[in-house]
Every structure is written in structure tokens, then in C-alpha cells.
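*Asks:* With my numbering applied, the sequence shown corresponds to residues 327 to 397, in that order.
Backbone N, C-alpha and C fix where the C-beta goes; we use that ideal spot for every residue, glycine too.
What you are looking at is a predicted structure, and each value in this text was computed from that prediction instead of being measured.
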Amino acid sequence: MSKMSEQWVRVYETQNLTEASILKGLLEENGLPVQLLNKQDSAYLLGTAEIYVPLKMLLAAELIIEGNRLN
327 MSKMSEQWVR VYETQNLTEA SILKGLLEEN GLPVQLLNKQ DSAYLLGTAE IYVPLKMLLA
387 AELIIEGNRL N
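#1: Would a C-beta distance cut-off of 8 Å place Ile377 and Lys350 closer than the cut-off?
#2: Cα separation between Glu339 and Ser331?
#3: Would you list the one or two residues that DSSP bridges to Thr340?
#4: Of all the options Asn364, Asn394, Met383, Gln366, which has the alpha carbon lying nearest to the alpha carbon of Gly357?
#5: Classify Glu364 as helix, strand or coil using the three-state DSSP reduction.
#6: Apart from the five residues just before and just after Pro359, which ones in its own chain have a Cβ nearer than 8 Å to its Cβ?
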């Protein structure tokens, strides 16, 4: 399967862009490919930031995020 046909799924959504950036870095440090989609309006900072990972890495990403919340 090529990378272009790989299905990506949302693993996290927040209104805090800083939090999303930190989680993106955490996932990348653990070897996961990550995409951060910033849906915030630049003038008013309303909206969300979403983190996507390949479907096959969803469980690993969820475990990493949940483990981070426990610390």
C-alpha cells in the first residue's frame, strides 16, 4: 500500500493550538507520522486544532496520548 492511499484518522482535537503542537511532538518522538490541522481563525483564535495519524497507528497514538495525561 502506498503512502498516498493510506487512511488518516483524527486522534485528538483541542481548541488549544499549543497543546496540539506539544502532543504532535510527543507522537513524533515516539516514531509516529503525524499531521496537525489548524482550523483556527487567525484573527480571533476561534476553532480547533486536530491531530491525525495513519489508521494503523491509531491505537499506539491513543495509548501515548492517554499515558501523557496520566503524568
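*Replies:* By the coordinates alone:
#1: Contact flag set, yes.
#2: Their Cα atoms are separated by approximately 23 Å.
#3: By DSSP's assignment, Thr340 forms a beta bridge with Ala375.
#4: Ranking Asn364, Asn394, Met383, Gln366 by Cα distance to Gly357 puts Met383 first.
#5: Strictly speaking, residue 364 in this sequence is Asn, with Glu absent from that position. Here Asn364 sits in strand by DSSP.
#6: Listed in chain order, the non-local C-beta contacts of Pro359 below 8 Å within the same chain comprise Val379, Pro380, Met383, local neighbours out to five positions each way being set aside.
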